[in-house]
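See below for the structure under consideration.
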Amino acid sequence: MTFTGTAVVAARAVHYAGIMADSDILTAKINYGFDHLDVDGDGRLTEHDHVLMGQRVAAALGHEPGSEAEAGIIAAYLRIWRDLHLPHIPGGGTEISKEQFLRSTLTLATDPAAAQATVGALAEAFLAIADTDHDGEVDIAEFRNFVAGHFPGLSDAEVHDAFAHLDTDGDGHLSTEEFTRATVEYWSSADPDAPGNWWMGTPIYLR
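Heads up, the sequence shown stops at 1035 in the working numbering, and the numbers go up one at a time, no gaps.
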């Protein structure tokens, strides 16, 4: 599969790899990711952000506000918050600051088992939302809708370029394995060449 602007991207990767430590690359990805998850922009990850994410994804899929379909998607995002985030907040808190999120997520880089257990579970939850026809994989249309709900502002060209990097076998679909690996790599890999770095579009360190 041919990537748009492959030569340019490769040159940038070499350039940035030379001036950024691997840990800096991972830090940049995590901070960028947090900014997108923090939908209301208040510097904290909360249950409210997950409601807003659910509403945004439902709208991207064409569901009407207040519809049963929207309610189902919002419920899925609330399960992500309550099952995957809330139990790990120290002292019974109900919000995660950007600093806390960065600190805890960075530990996954040296603990692959924990990364697979936590981010892998997140990937499964996201896949259930993105895979609207329930065939076990995500095509470009489903990926575009998923991205529109999570990372608005990406151009169609950026979405296609990201999909091409994540679709490592070039079959035009993201399998369960590819989707999960991409999610885990984005949040835990310091490798500047990891395909999962494209999970949110062009990696922040290449922009």
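Backbone N, C-alpha and C fix where the C-beta goes; we use that ideal spot for every residue, glycine too.
Any idea what DSSP makes of residue i, helix, strand or coil?
{"i": "Phe831", "result": "Residue confidence for Phe831 is low, a pLDDT of 40 falling below 50, so the modelled location carries little weight; the figure read from the coordinates is stated next. If DSSP states are grouped into helix, strand and coil, Phe831 belongs with coil."}
{"i": "Ile924", "result": "strand"}
{"i": "Arg931", "result": "helix"}
{"i": "Val966", "result": "strand"}
{"i": "Arg840", "result": "With a pLDDT of 45 at Arg840, under the threshold of 50, the modelled position of this residue cannot be trusted, and the question is left open."}
{"i": "Asp911", "result": "helix"}
{"i": "His988", "result": "helix"}
{"i": "Ser1017", "result": "coil"}
Could you tell me the alpha carbon to alpha carbon distance between residue i and residue j, rounded to whole angstroms?
{"i": "Gly981", "j": "Arg972", "result": "11 Å"}
{"i": "Glu952", "j": "Thr1008", "result": "7 Å"}
{"i": "Pro1051", "j": "Ser932", "result": "Residue 1051 is absent from the structure shown; the chain starts at 829 and stops at 1035."}
{"i": "Ala976", "j": "Leu889", "result": "9 Å"}
{"i": "Tyr1033", "j": "Ser983", "result": "18 Å"}
{"i": "His916", "j": "Val885", "result": "25 Å"}
{"i": "Ile858", "j": "Pro1031", "result": "11 Å"}
{"i": "Thr922", "j": "Leu930", "result": "17 Å"}
{"i": "Gly920", "j": "Ile968", "result": "40 Å"}
For my contact list, residue i and residue j are in at a C-beta cut-off of 8 Å; report their separation, rounded to the angstrom.
{"i": "Leu934", "j": "Thr855", "result": "7 Å"}
{"i": "Glu965", "j": "Ser1003", "result": "5 Å"}
Going by CA-CA distance only, name the one from the options that's closest to residue i.
{"i": "Leu912", "options": "Phe974, Thr874, Asp999", "result": "Thr874"}
{"i": "Trp1027", "options": "Ser1003, Trp909, Gly861", "result": "Gly861"}
{"i": "Gly1029", "options": "Val987, Asp999, Ala992", "result": "Val987"}
| field | the region 1011-1023 in contact with the region 926-946 per 3-pair CB rule at 8 Å | value | Counting Cβ pairs under 8 Å, three or more are found: they touch.
| query | Should the region 894-902 be regarded as contacting the region 861-877, the criterion being three or more beta carbon pairs within less than 8 Å? | reply | Because the criterion of three Cβ pairs below 8 Å is not met, the region 894-902 and the region 861-877 do not touch.
| task | Count the CB pairs spanning the region 950-961 and the region 1020-1031 that are closer than 8 Å, and state whether there are at least three. | result | No, because fewer than three Cβ pairs between the region 950-961 and the region 1020-1031 fall closer than 8 Å, the two stretches do not touch.
| field | Three CB pairs or more closer than 8 Å across the region 924-931 and the region 877-888 | value | Short answer: they don't touch.
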